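A short write-up of the structure that comes next.
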Ligand code: 5GP
Ligand code: ZN
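In our numbering, the protein residues as written are 1 to 111.
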């Protein structure tokens, strides 16, 4: 099965890495929507937030540990975490990812 983010995890497609461990990979978004915009993804292929189960949810918690650690390392205290699930919500890559956006004022509700 071909998946863009699985290809980024295994190095077939280059990316600008922010963080990596055995479970999680983080890299800067190719089309940033804020001065800081990176993605945190499980290395395991999980299609979306709608496919999280008791069996795979530990990696989701780990993604949030990574978000807290990496933002701290970057000196970021104010940021937004977004996960789009499904086409209507704007998901364009069907591999679970958390957008981390920072460095500008954010509006609410999101569009
Ligand atoms: P989604 O639209 O699914 O919520 O988020 C997918 C994100 O992946 C988008 O913000 C898009 O800019 C980013 N993206 C798509 N292709 C690539 C790529 O090849 N490299 C990187 N670094 N980001 C990508
Ligand atoms: Zn994948």
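Glycine included, C-beta positions come from ideal geometry on N, C-alpha and C. Quick caveat: nothing in here was measured; it's all calculated off a predicted structure.
- Contact between residue 62 and residue 9 does not hold, since their C-beta atoms are separated by about 15 Å, which reaches or exceeds 8 Å.
- For residue 81, the uninterrupted beta strand (DSSP E) segment begins and ends at 80-82.
- Between residue 79 and residue 73, the alpha-carbon positions lie close to 13 Å from each other.
- For residue 39, the uninterrupted beta strand (DSSP E) segment begins and ends at 36-42.
- Residue pairing of residue 68 in beta bridges, as defined by DSSP: absent, with no partner found.
- By the 16-neighbour rule on beta-carbons within 10 angstroms, residue 109 is exposed.
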